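Just below is one structure, and these are the notes that go with it.
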Amino acid sequence: MDREVIIPMTAHRPLLDVRDLEVAYEAKGGMFRKRMTTVVKGVSFHIAPGETYGLVGESGSGKSTTGRAILRLADIAGGTVTFDGTDVGAMGSRTPLSYRRDVQAVYQDPGASLNPRHRVGRAVTDALKRHGIGDRASRRAKALEVFEQVGLTAAHLDRFPSEMSGGQLQRVAIARALVLEPRLVICDEAVSALDLSTQSQIINLLMDLQKESGVSYLFITHDLGVVRHISHRVGVLKLGELVEENTTDALFEAPQHEYTRSLLAASPSSSPEGRDERRAARQQRRVAVPSALRQAS
Ligand SMILES: Nc1ncnc2c1ncn2[C@@H]1O[C@H](COP(=O)(O)OP(=O)(O)OP(=O)(O)O)[C@@H](O)[C@H]1O
Ligand SMILES: [Mg+2]
0 MDREVIIPMT AHRPLLDVRD LEVAYEAKGG MFRKRMTTVV KGVSFHIAPG ETYGLVGESG
60 SGKSTTGRAI LRLADIAGGT VTFDGTDVGA MGSRTPLSYR RDVQAVYQDP GASLNPRHRV
120 GRAVTDALKR HGIGDRASRR AKALEVFEQV GLTAAHLDRF PSEMSGGQLQ RVAIARALVL
180 EPRLVICDEA VSALDLSTQS QIINLLMDLQ KESGVSYLFI THDLGVVRHI SHRVGVLKLG
240 ELVEENTTDA LFEAPQHEYT RSLLAASPSS SPEGRDERRA ARQQRRVAVP SALRQAS
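Position 94 of the sequence shown, counted from 1, bears residue number 93 in numbering that gives the first Met the number 0, the numbering being contiguous throughout.
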């Protein structure tokens, strides 16, 4: 069943509106003149308040680059990105603090963005400090509050990253993003490195947090099963172009574009049944391997 978006009465315009977005990277080998390769080619989509928009496509299709342009980590070469009515491309070289607060990101490898020498609670209190929020004591209290919200405890605040599991580190990354009360979180392969059960815990957590706070997600992943579960609507990127977009149910049940059909065909995990089948198949393989080895030896 499609996830229902509860759009507040005041939401007369999308939170994020991406129109004809183009992003280019400098190509290697241009000796005299900068040669640019366009990797996002005229992409348009919007995200409503409280909505999760899934962005899927093969590796290299431009998913992360689209997210980076919204975060102002990649230049907008063409088109516009509008956030709550403000032209993001026209913000000037220094991204306003308010935008850096409103739009947060959660990546695949939370460990990489945490200082290994700092206790993880500090990632959260430092984020508050950077934005000039609270004093030392209230930041610590806020960190605990948000840790509990994401399923961690007071004891976790003083751990080092190396003392935590991948799922716990991802909870820290989510806590750090959410403590700033963002309006949009860009989740780029945020659950891709986790095992299946941790994956579903984190996805459920993200969905619960959305229900509580009304935050929007741009959910970037190559995993169609995950995107089907969490998204209200889905866009399909192929070589930098958005070839199809629809509500999640419609897209999975009646894909219109040949490319979407081939993505679905290549991904048994895109249906819950398929996912179970795949898991069962994996378990069978695991059991089958030792006997195969025995035969071989
Ligand atoms: N910093 C960069 N400089 C030059 N080219 C880049 C850079 N980052 C990405 N690219 C190229 O841009 C294209 C899109 O990359 P992008 O990382 O957006 O893809 P993606 O859809 O996120 O892929 P994946 O699923 O592997 O994460 C690719 O061809 C990639 O090689
Ligand atoms: Mg990527």
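Think of the CB as a built atom: it goes at the ideal place given N, C-alpha and C, for glycine as much as any other residue.
In this text the structure is predicted, and so the values were computed from the model without any measurement.
Task: Quiz: which residues have CB nearer than 7 Å to ligand 3 non-hydrogen atoms - done: Ligands present in the displayed structure are limited to ligand 1 and ligand 2, and ligand 3 is not among them.
Open item on the list: Quick check on residue 272: does DSSP put it in helix, strand or coil?
Closed with: As a position in the sequence shown, residue 272 is number 273, starting the count at 1. Reliability fails at residue 272, whose pLDDT of 48 lies under 50, so the model's placement of it is uncertain and the value that follows must be treated cautiously. Looking at residue 272 - three-state DSSP - the assignment turns out to be helix.
Task: Unbroken alpha helix (DSSP H) run spanning residue 198, endpoints - done: As a working note, residue 198 is residue 199 in the sequence shown. For residue 198, the enclosing alpha helix (DSSP H) covers residues 195-212.
TODO: Check whether the segment 212-220 touches the segment 244-254, counting contact only when three or more Cβ pairs, one atom from each stretch, lie closer than 8 Å.
DONE: Judged by Cβ distances under 8 Å, the segment 212-220 makes no contact with the segment 244-254, as fewer than three pairs qualify.
TODO: Look at the alpha carbon of residue 100 and the alpha carbon of residue 68, and state the distance between them as a whole number of angstroms.
DONE: Translated into the one-based positions of the sequence shown, residue 100 becomes position 101. Translated into the one-based positions of the sequence shown, residue 68 becomes position 69. A direct Cα-Cα distance of roughly 16 Å separates residue 100 from residue 68.
- [ ] Rank 12, 15 and 23 by C-alpha distance to the C-alpha of residue 239 and give the top, closest one.
- [x] For the purposes of this step, residue 239 is identified with residue 240 of the sequence shown, where counting begins at 1. The residue among 12, 15 and 23 with its C-alpha nearest the C-alpha of residue 239 is 23.
- [ ] Please name the residue, chosen from 225, 139 and 169, that lies closest to residue 150 on a Cα-to-Cα basis.
- [x] As a first step, residue 150 must be located in the sequence shown, where it is residue number 151. Considering only alpha carbons, the answer is 169.
Task: Test item: CB-CB of residue 182 and residue 122 under 8 Å - done: The residue given as residue 182 occupies position 183 in the sequence shown. The residue given as residue 122 occupies position 123 in the sequence shown. No.
Task: the segment 182-197 touching the segment 103-116, judged by at least three CB pairs closer than 8 Å - done: These segments touch.
Open item on the list: Quick check on DSSP: helix, strand or coil for residue 125?
Closed with: Sequence index remark: in the sequence shown, residue 125 carries index 126 (1-based). When DSSP states are grouped into helix, strand and coil, residue 125 belongs to the helix group.
Open item on the list: Considering only heavy atoms of ligand 1, does any lie closer than 7 Å to the CB of residue 52?
Closed with: Counting from one through the sequence shown, the residue named residue 52 turns up at place 53. For ligand 1, not one heavy atom lies less than 7 Å from the Cβ of residue 52.
Task: Unbroken stretches of the alpha helix (DSSP H), 4 residues or longer, contained in the segment 110-172 - done: Runs of the alpha helix (DSSP H) inside the segment 110-172: 120-129, 135-148 and 153-156.
TODO: Measure how close the beta-carbons of residue 61 and residue 87 come, nearest whole angstrom, since I'm counting them as under 8 Å.
DONE: Here residue 61 refers to the residue found at position 62 of the sequence shown. Here residue 87 refers to the residue found at position 88 of the sequence shown. By a beta-carbon distance limit of 8 Å, residue 61 does not contact residue 87. Their separation comes to about 17 Å.
- [ ] Please confirm whether any heavy atom of ligand 1 lies closer than 7 Å to the CB of residue 59.
- [x] Locating residue 59 in the sequence shown gives position 60, where the first residue counts as 1. For ligand 1, at least one heavy atom lies less than 7 Å from the Cβ of residue 59.
Task: Continuous alpha helix (DSSP H) assignments of at least 4 residues falling wholly in the segment 5-87 - done: Entirely contained in the segment 5-87, the alpha helix (DSSP H) runs reaching 4 residues are, in chain order, 62-69.
Open item on the list: Given the structure, does residue 80 come close to ligand 1, in the sense that its CB is under 7 Å from one of the ligand's heavy atoms?
Closed with: Within the sequence shown, the letter at position 81 stands for residue 80. Every heavy atom of ligand 1 is 7 Å or more from the Cβ of residue 80, so no.
Task: Cβ-based neighbour list, residue 158, same chain, cut-off 6 Å, excluding 5 preceding and 5 following - done: Sequence index remark: in the sequence shown, residue 158 carries index 159 (1-based). Sequence-distant Cβ neighbours of residue 158 in its own chain, meaning closer than 6 Å and more than five residues away, are 119.
Task: Helix, strand or coil at residue 236 according to DSSP, with G and I counted as helix - done: The residue labelled residue 236 in the question sits at position 237 within the sequence shown. DSSP places residue 236 in strand when its eight states are reduced to three.
Task: Cβ-heavy atom distance, residue 38 to ligand 1, below 7 Å - done: Position 39 of the sequence shown, counted from the start, is the residue given in the question as residue 38. The answer is yes for residue 38.
TODO: Pick out whichever of 177, 12, 131 and 37 has its Cα sitting closest to the Cα of residue 208.
DONE: Within the sequence shown, numbered from 1, the residue matching residue 208 stands at position 209. When only C-alpha atoms are compared, the closest one is 177.
- [ ] Look at residue 215 and residue 104 and say whether their C-beta atoms are less than 8 Å apart.
- [x] Residue mapping note: residue 215 aligns to position 216 of the sequence shown, counting from 1. Residue mapping note: residue 104 aligns to position 105 of the sequence shown, counting from 1. For residue 215 and residue 104, no; Cβs fall outside 8 Å.
Task: Reduced DSSP secondary structure (H/G/I, E/B, other) of residue 230 - done: By 1-based counting over the sequence shown, the position of residue 230 is 231. Residue 230 falls in the coil class under three-state DSSP.
- [ ] Let me know the secondary structure DSSP gives residue 222 once reduced to three states.
- [x] Within the sequence shown, the letter at position 223 stands for residue 222. It is coil, neither helix nor strand.
Open item on the list: Below 7 Å, is the gap between the Cβ of residue 24 and the nearest heavy atom of ligand 1?
Closed with: Taking the first residue of the sequence shown as 1, we reach residue 24 at position 25. Answer for residue 24: yes, Cβ within range of ligand 1.
- [ ] Kindly examine ligand 1 and report whether one of its heavy atoms sits closer than 7 Å to the Cβ of residue 56.
- [x] Taking the first residue of the sequence shown as position 1, residue 56 is located at position 57. Within the chosen limit of 7 Å, ligand 1 reaches the beta carbon of residue 56 through at least one heavy atom.
Open item on the list: Going by DSSP, what residue range makes up the beta strand (DSSP E) through residue 250?
Closed with: The residue given as residue 250 occupies position 251 in the sequence shown. In the DSSP annotation of this structure, residue 250 is not part of any beta strand (DSSP E); the continuous alpha helix (DSSP H) holding it starts and ends at 247-252.
Task: chain D contact for residue 251 (CB, 8 Å cutoff) - done: Within the model displayed, chain D is absent; a lone protein chain is all it includes.
Task: Spatially closest choice to residue 59 from 263, 241 and 237, by CA coordinates - done: Numbered from 1 along the sequence shown, position 60 holds the residue referred to as residue 59. Among 263, 241 and 237, the Cα nearest to that of residue 59 is on 237.
TODO: Assign residue 215 to one of three DSSP states: helix, strand, or coil.
DONE: Your numbering for residue 215 matches position 216 in the sequence shown. DSSP places residue 215 within a strand segment (E or B) once states are collapsed to three.
Task: Residues that residue 102 bridges to, as DSSP identifies them - done: The sequence position of residue 102 within the sequence shown is 103, counting from 1. Within the DSSP bridge table, the entry for residue 102 names 183 as partners.
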